[in-house]
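Numbering (the working numbering), first residue to last: 6 to 598.
Notes follow the structure.
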């Protein structure tokens, strides 16, 4: 007998047990039908599901390997900044010694920043690395006559001269990082994100990928070994991802073969080790010329490893008391705000890849606070530039399908170990440039894919949205290219303002994202739903398991919630009632049918 339709508000067919049931406009299948007919769909969903989500912990050995893989992907980028800084401050014959000190400081700073970001900031799998946006400001500052370099690598330069330049960079970076920290602590960035739609984020990520093409080609074209690694990496990511490799193991009192998804879990690590070993083998067998960039016995590489001490912990103020320069301060402020814009885009990207709801404002506020604190530590220790979230590591999360924050904590500890044990850092810095280009290319390809997927909630049938997306990307490519060819066109008569414009107009991510944000919030013709803003909130409404990866652990969250002053801070998660209307209706159906 059917239930009373007026009481239950159910319209169903009693003669057809397998028919669907309509409740308040929602169609549901009876529980038995769901279990029998959707098994294949469920299995397909399980195959596509991420192996480890943000709050899941892999086994200890796998956790270490996942974290080590993330470090291996970013190590070449982490090392490249100390090389650039050491050339800018003009240390003369002390260049290699300064590089070792900067490399150690960079690894320690990025390791501490990664732990802060993962544990207390966004609480997602985010690796903190050096920010290239600070390099244009440093180059412009060092081009001034009183700081211009006139020495070669064979000349003696008194340590006081280049240490004075490093002290200025240190103090100015510490001052500018305080502004970034305050932007997050006061909730300003959280309010700003309400005006950042998927159009802005997608244009920023797309321009990040496009801006890396030049440096990727420059590195890959140096040797054909890059094609070998590219083939190996594409094979592990696309064709061998589901192949289970047998390994000998011990279980239930006897030895047996255990099959493990090696290529799917460690595509970068296996491709790097394979290609690097091939470079070493060709070097030993003298199959490549003496001056080839693919050789592993280059004089500069061996010299850097020999000069690196076994252990050295970077200490605060290693270049002397911090100093300050107003011109460099303004440049660093612009660089910091550019990385802030990029970081917010990376936050949304990693949340989408991790299959989590878009980050709320309190999580974004904490993330920016963590980056500001990391930049302050960078200035205190003396690595030369600020830190930010690395987009290539966001791409690794998507390819490996490992979004566990614990793996990134191990990655942070690994970077600290590389900074303290400087021999290891020097060895890792010897990865050939062609291999670095392949790593960058594949990681940026994943970032570009995320940029395209990020606009799926936007109504692309609306001409207004398509025009904004296209115009912003084109402006991000045209304006920096035009300014690089005509740098003398923009002259305001104020040296400081010219320096600020020089930094801004040379950054494609800033130009494109700023243009997209302005047009998206000023041009009419689309509702919030058509702009993709409503769909961002709907993701949380569909979450029925009660998980909130952005909140602190239970005991800490309860302590914060019990203190009214702390609870009202813009970076503290608040306990809110969850919108679970659809799951509640489903429970009523299961209990009544």
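Here a beta-carbon is modelled for each residue, glycine too, at the ideal position from N, C-alpha and C.
To the nearest whole angstrom, what separates the beta carbons of residue i and residue j, a pair I think is in contact under 8 Å?
i           : j           : result
residue 118 : residue 79  : The Cβ separation is near 12 Å, so there is no contact.
residue 172 : residue 388 : The Cβ separation is near 13 Å, so there is no contact.
residue 348 : residue 393 : 5 Å
residue 90  : residue 107 : 6 Å
residue 240 : residue 129 : Between residue 129 and residue 240 the Cβ distance is about 29 Å, and since that is not below 8 Å, they are no contact.
residue 463 : residue 203 : 5 Å
residue 170 : residue 82  : Actually they do not touch by this definition, with Cβ atoms about 23 Å apart.
residue 98  : residue 161 : 6 Å
For the beta strand (DSSP E) holding residue i, just list the boundary residues, first then last.
i           : result
residue 106 : Taken as a continuous stretch (DSSP letters only), residue 106 belongs to no beta strand (DSSP E), being part of the alpha helix (DSSP H) at 100 to 124.
residue 259 : 259 to 265
residue 322 : Neither: residue 322 is in no beta strand (DSSP E) and is coded neither H nor E.
residue 133 : 133 to 135
residue 392 : 392 to 394
In chain order, what residues of the same chain lie with their CB nearer than 7 Å to the CB of residue i, ignoring the 5 residues before and after it?
i           : result
residue 318 : 425
residue 248 : 268
residue 265 : 249, 250, 252
residue 443 : 225, 231, 234, 235, 238
residue 336 : 142, 145, 146, 504, 505, 508
residue 246 : 268, 269
Given residue i, which residues of its chain have a CB within under 8 Å of its CB, disregarding the five upstream and five downstream residues?
i           : result
residue 358 : 399, 402, 403, 408, 455
residue 298 : 227, 228, 437, 438, 439
residue 334 : 177, 180, 181
residue 482 : 212, 215, 513, 517
residue 68  : 62, 409, 411, 412, 415
Are residue i and residue j closer than 8 Å when you measure CB to CB?
i           : j           : result
residue 390 : residue 86  : yes
residue 440 : residue 234 : yes
residue 469 : residue 530 : yes
residue 250 : residue 272 : no
residue 419 : residue 125 : no
residue 516 : residue 485 : yes
residue 417 : residue 116 : yes
residue 131 : residue 411 : no
residue 114 : residue 310 : no
residue 352 : residue 364 : yes
residue 88  : residue 423 : no
residue 555 : residue 368 : yes
residue 575 : residue 205 : no
residue 270 : residue 405 : yes
Distance check for residue j and residue i, CA to CA, integer angstroms please.
i           : j           : result
residue 176 : residue 275 : 41 Å
residue 578 : residue 561 : 11 Å
residue 571 : residue 371 : 14 Å
residue 490 : residue 61  : 50 Å
residue 427 : residue 287 : 27 Å
residue 527 : residue 65  : 50 Å
residue 627 : residue 146 : As displayed, the chain neither begins before 6 nor continues past 598, which places residue 627 out of reach and without an answer.
residue 36  : residue 360 : Here the model assigns residue 36 a pLDDT of 44, short of 50, so the residue's position is not dependable, and the following value carries that caveat. Going from the Cα of residue 36 to the Cα of residue 360 covers about 26 Å.
residue 101 : residue 284 : 24 Å
residue 289 : residue 466 : 59 Å
residue 373 : residue 345 : 7 Å
residue 294 : residue 301 : 12 Å
residue 413 : residue 123 : 7 Å
residue 338 : residue 262 : 56 Å
residue 431 : residue 259 : 42 Å
residue 220 : residue 156 : 27 Å
residue 323 : residue 183 : 21 Å
residue 385 : residue 194 : 25 Å
residue 199 : residue 538 : 9 Å
residue 533 : residue 488 : 35 Å
residue 149 : residue 163 : 20 Å
Between which residues of its own chain and residue i is the CB-CB distance below 6 Å, once the five residues before and five after are set aside?
i           : result
residue 524 : 473
residue 207 : 456, 459, 460
residue 520 : 477, 480
residue 139 : 340, 390, 391
residue 330 : 173, 177
residue 343 : 138, 512, 515
residue 421 : 113, 116
Within the continuous alpha helix (DSSP H) that includes residue i, where are the two ends?
i           : result
residue 168 : 164 to 190
residue 353 : 331 to 358
residue 367 : 366 to 386
residue 562 : 559 to 567
residue 139 : Careful: residue 139 lies outside any alpha helix (DSSP H) and carries neither H nor E.
residue 273 : 272 to 289
Under 8 Å, Cβ to Cβ, is there at least one residue of chain B near residue i?
i           : result
residue 448 : Absence of chain B from the displayed structure is noted, only one protein chain being present.
Check whether the Cβ of residue i sits closer than 7 Å to any heavy atom of the ligand MN, and report yes or no.
i           : result
residue 376 : In the structure on display, the ligand MN does not appear, and there are no ligands present to speak of.
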